[in-house]
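S.K.: For the record, the sequence lines run as chains A and B. Start counting the first sequence at 1; every next residue gets the next number (the UniProt record's numbering). Start counting the second sequence at 1; every next residue gets the next number (the UniProt record's numbering). Structure incoming, see below.
2 protein chains.
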Amino acid sequence: MNKKVTAMDVARLAGVSQSSVSRAFSKSASISNKKRKMILDAAEKLGYQPNAIARGLITNQSRIIGIVMRDVQNPFYPEVLEKFYSRLSEEGYQIMFINSQNDEVQEYEVSQLIEYSVEGVIITDALLTSAAVQKFNRNGISVVLFNRYISDSMSNAVICNNFSAGQRIGQYLLDTGHRQLGFISGPSNTSTSLERSRGFIDTLQKHGIESIPMEDGGFTYEGGFAAAEKLMKHHAKIDALFCANDVMAFGAMDYLNTAGYRIPEDISVIGFDNVKMADWSPYALTTWQQPVDEMIQQAVKLMLDDINGQQEEPEMNFVDGCLIERASVKNRR
Amino acid sequence: MNKKVTAMDVARLAGVSQSSVSRAFSKSASISNKKRKMILDAAEKLGYQPNAIARGLITNQSRIIGIVMRDVQNPFYPEVLEKFYSRLSEEGYQIMFINSQNDEVQEYEVSQLIEYSVEGVIITDALLTSAAVQKFNRNGISVVLFNRYISDSMSNAVICNNFSAGQRIGQYLLDTGHRQLGFISGPSNTSTSLERSRGFIDTLQKHGIESIPMEDGGFTYEGGFAAAEKLMKHHAKIDALFCANDVMAFGAMDYLNTAGYRIPEDISVIGFDNVKMADWSPYALTTWQQPVDEMIQQAVKLMLDDINGQQEEPEMNFVDGCLIERASVKNRR
DNA sequence: CTTTAAAATGTAAACGCTTAACTCTTAAAA
DNA sequence: TTTTAAGAGTTAAGCGTTTACATTTTAAAG
Numbered sequence: 001m002n003k004k005v006t007a008m009d010v011a012r013l014a015g016v017s018q019s020s021v022s023r024a025f026s027k028s029a030s031i032s033n034k035k036r037k038m039i040l041d042a043a044e045k046l047g048y049q050p051n052a053i054a055r056g057l058i059t060n061q062s063r064i065i066g067i068v069m070r071d072v073q074n075p076f077y078p079e080v081l082e083k084f085y086s087r088l089s090e091e092g093y094q095i096m097f098i099n100s101q102n103d104e105v106q107e108y109e110v111s112q113l114i115e116y117s118v119e120g121v122i123i124t125d126a127l128l129t130s131a132a133v134q135k136f137n138r139n140g141i142s143v144v145l146f147n148r149y150i151s152d153s154m155s156n157a158v159i160c161n162n163f164s165a166g167q168r169i170g171q172y173l174l175d176t177g178h179r180q181l182g183f184i185s186g187p188s189n190t191s192t193s194l195e196r197s198r199g200f201i202d203t204l205q206k207h208g209i210e211s212i213p214m215e216d217g218g219f220t221y222e223g224g225f226a227a228a229e230k231l232m233k234h235h236a237k238i239d240a241l242f243c244a245n246d247v248m249a250f251g252a253m254d255y256l257n258t259a260g261y262r263i264p265e266d267i268s269v270i271g272f273d274n275v276k277m278a279d280w281s282p283y284a285l286t287t288w289q290q291p292v293d294e295m296i297q298q299a300v301k302l303m304l305d306d307i308n309g310q311q312e313e314p315e316m317n318f319v320d321g322c323l324i325e326r327a328s329v330k331n332r333r
Numbered sequence: 001m002n003k004k005v006t007a008m009d010v011a012r013l014a015g016v017s018q019s020s021v022s023r024a025f026s027k028s029a030s031i032s033n034k035k036r037k038m039i040l041d042a043a044e045k046l047g048y049q050p051n052a053i054a055r056g057l058i059t060n061q062s063r064i065i066g067i068v069m070r071d072v073q074n075p076f077y078p079e080v081l082e083k084f085y086s087r088l089s090e091e092g093y094q095i096m097f098i099n100s101q102n103d104e105v106q107e108y109e110v111s112q113l114i115e116y117s118v119e120g121v122i123i124t125d126a127l128l129t130s131a132a133v134q135k136f137n138r139n140g141i142s143v144v145l146f147n148r149y150i151s152d153s154m155s156n157a158v159i160c161n162n163f164s165a166g167q168r169i170g171q172y173l174l175d176t177g178h179r180q181l182g183f184i185s186g187p188s189n190t191s192t193s194l195e196r197s198r199g200f201i202d203t204l205q206k207h208g209i210e211s212i213p214m215e216d217g218g219f220t221y222e223g224g225f226a227a228a229e230k231l232m233k234h235h236a237k238i239d240a241l242f243c244a245n246d247v248m249a250f251g252a253m254d255y256l257n258t259a260g261y262r263i264p265e266d267i268s269v270i271g272f273d274n275v276k277m278a279d280w281s282p283y284a285l286t287t288w289q290q291p292v293d294e295m296i297q298q299a300v301k302l303m304l305d306d307i308n309g310q311q312e313e314p315e316m317n318f319v320d321g322c323l324i325e326r327a328s329v330k331n332r333r
């Protein structure tokens, strides 16, 4: 382990003061071009890199954003992670990655983030207690929820309008002539699943459909598979299945196929997320596309505005998305 | 943004010196239980958390490990990320996540890691120039390559024995009566793909099979699809296809199915990675399982040993893995 | 009731940086 | 020429910790 080279070393080599070295590395400092060049050359020669830890300490700005993510194996989230990375990178932020092990982000995970003085935290598919929110707030850490919200909502959030998406999916299925609809939900403590189902049910009821068989598929492939099985065993006449996310839809489709149902001839399936695989030929899943790019754009904007104090009140932004039609839904008219 | 509460604040409230507060939070410090409790209570009341940035500065230990990952959308890697997170978390490390945008990890990505004084860097599916390795070395940063290695190899690495896996896959295909074999490779600058193909070819040649049609599928679904198409157009008699990773195998299978080939009756397909989806019914892919848990275990051990100076020479650990038989290969005997 | 060692606490010096305050040049304005 | 001001560079004060060292307290031993 070689000694770290510090600004002082560079200063000595270049024959200037250590503070000049600091200035040479600062965009907005007044320093002559000649001297800056000298210093930069010396730095180059020594392989000097400013120490972000020391800088963070004095400026009180770590330039680190925490990202909390739970179900990394759901292909929707790697995509989200990738895009957050790219946007935040552009803004000069680093990412501290937290893979939340529980539904609810744990006390110690919150503490870790705080200890490292992250400037902000993005929560994707995990739940945040209001205690946790307060803890972040007390420490001046901005929080933005991605596709989640919590009732007491003192936090920024950007959310796909799950309720209206649920409605429109219901409407679409009705319009294409389906009458026996089933729903495979995610965990009942996630606002995403809840809202999607509320919208869906809302529309169906308006059209006089009261009985809507449901099963919890826990947002996983296996869950979707099992839920479809239960559903079909008890309600053989179902002609369309709405799954609260794509992975569950894949599970459901695989169950249906192995059980001898033809998709979409016997039963239509519709998903949510428009994950890459939805386009793969064995599935060709009709699904709801969340405008991920836009959502991330907004989430980062919210985050930065909050960090830079250009924000008074927490904001909740809703975005819509649209239906992507593929081959898993049949027009029964 | 509330003022951060510091050890000094706690010290004042508890009526002790600031250094005692520090000691109260250190496992191995000599401090009376009574006083420790007092301090911890005061800290609790104020919501104090030690500042890891300041600690890092003085101890010269950030307790951050960088993870560099490129193709996050290949389901193999989220799994890897999750497991690394969990292991490193146990050891009290945080993760700084870098989503490398290019095949080769870029100069500025290296710099970022160095600026934040990460103690070590784990490189998964990205390439590291020896210049980059040197830069890390000069800064006393441990590097371990996960499933990659580079020729000048001054770095630790843990690697699935891709060569022998390739051999055994070749043997398996031969044993099951295949004679016309094709290969879909990953990018030609990845040691993983290269070794797998070398082993595969090696075995086939030993059995007198000289002509082995190949296409580069770039380790992606689309690439696998296109590669299979090209391969079949020019070599209609192929009866088995070895794909250097699972996602390409999925692409290839989807092409084959849409083109009217039956798997495995007309053509067998074999993958590599044993990603979750390989078990899904539309694919039921026979594939090579890398012992991911073991590999990560070893990688982390290498990392920690290196960080703690308990290591003289860089080590390269090879692990084997095993074939997982599903339904995509037919015994033609 | 000393004496002595050990344990607990306090004091103060770093760690590597940024930045306010100050000094010294240099050149333009008077 | 003198005055003034802007520009360039330096000095030094932190940021919130850990930790070596000094000092005080406590407990054990004589």
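Backbone N, C-alpha and C define an ideal beta-carbon position, used for all residues, glycine too. Being a predicted model, the structure only gives us computed values, none of them experimental.
Please return the same chain residues whose Cβ sits closer than 7 Å to the Cβ of E229(B), not counting the five positions on each side in sequence.
M.R.: Y255
S.K.: Is the CB-CB distance between M316(B) and I122(B) below 9 Å?
M.R.: no
S.K.: Under 8 Å, CB to CB, which of the residues in the segment 293 to 316 of chain B have a partner in chain A?
M.R.: So the close ones are G309.
S.K.: Excluding sequence positions up to five away, which residues of its chain have a Cβ less than 6 Å from the Cβ of M1(B)?
M.R.: Here the model assigns M1(B) a pLDDT of 44, short of 50, so the residue's position is not dependable, and the following value carries that caveat. Contacts found: none.
S.K.: Can you list the beta strand (DSSP E) stretches of 3 or more residues lying completely in the segment 40 to 91 of chain B, in chain order?
M.R.: 64 to 69
S.K.: Name the DSSP beta bridge partners of D273(A), please?
M.R.: Q289(A)
S.K.: Using a C-beta cutoff of 9 Å, does Y116(B) count as contacting chain A?
M.R.: yes
S.K.: My understanding is that P78(B) touches P78(A), with C-beta atoms under 8 Å, so please give their C-beta distance in whole angstroms.
M.R.: 5 Å
S.K.: Mind pulling the chain B residues with CB within less than 8 Å of T258(A)?
M.R.: S281
S.K.: So the candidates are D125(A), Y149(A) and Q180(A); which of them puts its Cα closest to the Cα of G208(A)?
M.R.: Q180(A)
S.K.: Would residue 368(B) pass as a contact of A131(B) if the rule is Cβ separation under 9 Å?
M.R.: What is shown of chain B runs 1 to 333, which leaves residue 368(B) out entirely.
S.K.: Taking E119(B) and S142(B) to be in contact with their CB atoms under 8 Å, please state how far apart those CB atoms are, rounded to whole angstroms.
M.R.: 7 Å
S.K.: Would you check if the segment 37 to 53 of chain B and the segment 11 to 29 of chain B touch, i.e. whether three or more CB-CB distances between them fall below 8 Å?
M.R.: yes
S.K.: For L81(A), decide whether its Cβ has a neighbour in chain B, counting only Cβ atoms nearer than 9 Å.
M.R.: yes
S.K.: Beta carbons nearer than 8 Å to chain A: which residues of the segment 135 to 146 of chain B have them?
M.R.: Correct list: K135, N137, R138, N139 and G140.
S.K.: In this structure, what does DSSP give as the bridge partners for E215(B)?
M.R.: BP columns for E215(B) point to I184(B).
S.K.: Quick check on this structure: which residue in K27(B), I98(B) and E82(B) has the alpha carbon closest to the alpha carbon of Y93(A)?
M.R.: Ranking the options by Cα distance to Y93(A), first place goes to I98(B).
S.K.: List, in order along the chain, the chain B residues whose C-beta lies closer than 7 Å to that of residue 372(A)?
M.R.: Absent from the model: residue 372(A). The displayed extent of chain A is 1 to 333, so no value can be given.
S.K.: In the DSSP assignment, find the unbroken alpha helix (DSSP H) run with G166(A) in it and report its ends.
M.R.: First-last of the alpha helix (DSSP H) with G166(A): N162 to D175.
S.K.: Quick check on DSSP: helix, strand or coil for Q94(B)?
M.R.: strand
S.K.: How is F318(B) classed by DSSP in three states: helix, strand or coil?
M.R.: strand
S.K.: Helix, strand or coil: how does DSSP classify S22(A) here?
M.R.: helix
S.K.: Determine, using beta carbons only, whether M96(A) comes closer than 9 Å to chain B.
M.R.: yes
S.K.: Would I267(A) and V80(A) be called neighbours here (beta carbons separated by less than 9 Å)?
M.R.: No, the pair does not count as a contact, with Cβ atoms beyond the cut-off.
S.K.: Note the first and the last residue of the continuous beta strand (DSSP E) segment covering G120(A).
M.R.: G120 to I123
S.K.: Keeping to the same chain, check which residues put their C-beta closer than 6 Å to that of N162(B); ignore five residues upstream and five downstream.
M.R.: T192, E195 and R196
S.K.: Quick check on this structure: which residue in Q73(A), F272(A), D9(A) and P75(A) has the alpha carbon closest to the alpha carbon of Q167(A)?
M.R.: F272(A)
S.K.: Can you tell me the Cα-Cα spacing of A236(B) and I263(B), whole angstroms?
M.R.: Whole-angstrom Cα-Cα distance: 14 Å.
S.K.: Let me confirm a value: D293(A) is counted as buried when at least 16 other C-beta atoms fall within 10 Å, else exposed. Which label applies?
M.R.: exposed
S.K.: Put S28(A) into one of helix, strand or coil per three-state DSSP.
M.R.: coil
S.K.: Could you tell me whether the segment 239 to 254 of chain B touches the segment 244 to 260 of chain A, where touching means 3 or more Cβ pairs closer than 8 Å?
M.R.: no
S.K.: Residues of the segment 240 to 253 of chain A with a CB closer than 9 Å to any CB of chain B: list them in chain order, please.
M.R.: F250, G251 and M253
S.K.: Given a threshold of 16 other Cβ atoms within 10 Å of its Cβ, counted over all protein chains shown, does N331(A) qualify as buried or as exposed?
M.R.: exposed
S.K.: What three-state label does DSSP hand S130(A) in the structure shown?
M.R.: helix
S.K.: 9 Å is my cut-off, CB to CB: does G130(B) come that close to chain A?
M.R.: The amino acid occupying residue 130(B) in the given sequence is Ser; Gly does not appear at that position. Taking Cβ atoms only, chain A never reaches closer than 9 Å to S130(B), which makes this a no.
S.K.: Looking at the unbroken beta strand (DSSP E) that takes in residue 385(A), where does it start and where does it end?
M.R.: Because chain A in this structure spans residues 1 to 333, residue 385(A) falls outside the shown range and cannot be described.
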